[in-house]
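Student: Counted from 1, the sequence shown has number 86 at position 65 by the numbering used here; the numbering is strictly sequential.
Where is the CB? At the ideal position from N, CA and C, for every residue including glycine.
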Amino acid sequence: MVRGVMLVKAGYAAALEICQAASKIKGVVDAYPVFGRFDAVVFIKAEDVKGLRKTALKILSLKGVRSTETLLEAT
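#1: Counting only the same chain and skipping the five closest in sequence on each side, list residues whose C-beta sits under 6 Å from that of Ala42.
#2: Specify, as a first and last residue, the run of the alpha helix (DSSP H) that Glu38 falls within.
#3: At the level of alpha carbons, what is the spacing between Leu92 and Val49?
#4: Can you say whether Asp69 is buried or exposed, counting buried as having 16 or more other CB atoms within 10 angstroms of its CB?
#5: Identify which residue in Ala95, Glu94, Thr96 and Thr89 has its Cα closest to the Cα of Ala31.
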């Protein structure tokens, strides 16, 4: 199992909508808006890195997402 965190820049107004949409994507464990350099954080998991990448690309394609930074769990 591979786990990751996606930090999303979107503008705070879009962050809640992005979190709601991301929560419907297979592999997303949790998503919520945050304050700081990023506007939302999305926790994801998959069987392997390929699956994690697939989920990350779906999140990146959501309306309102300007950029992301993905962090993978170090095991």
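Tutor: Quick answer:
#1: Leu83
#2: Tyr33 to Ala43
#3: Rounded to the nearest angstrom, the two C-alpha atoms are 14 Å apart.
#4: exposed
#5: Thr89
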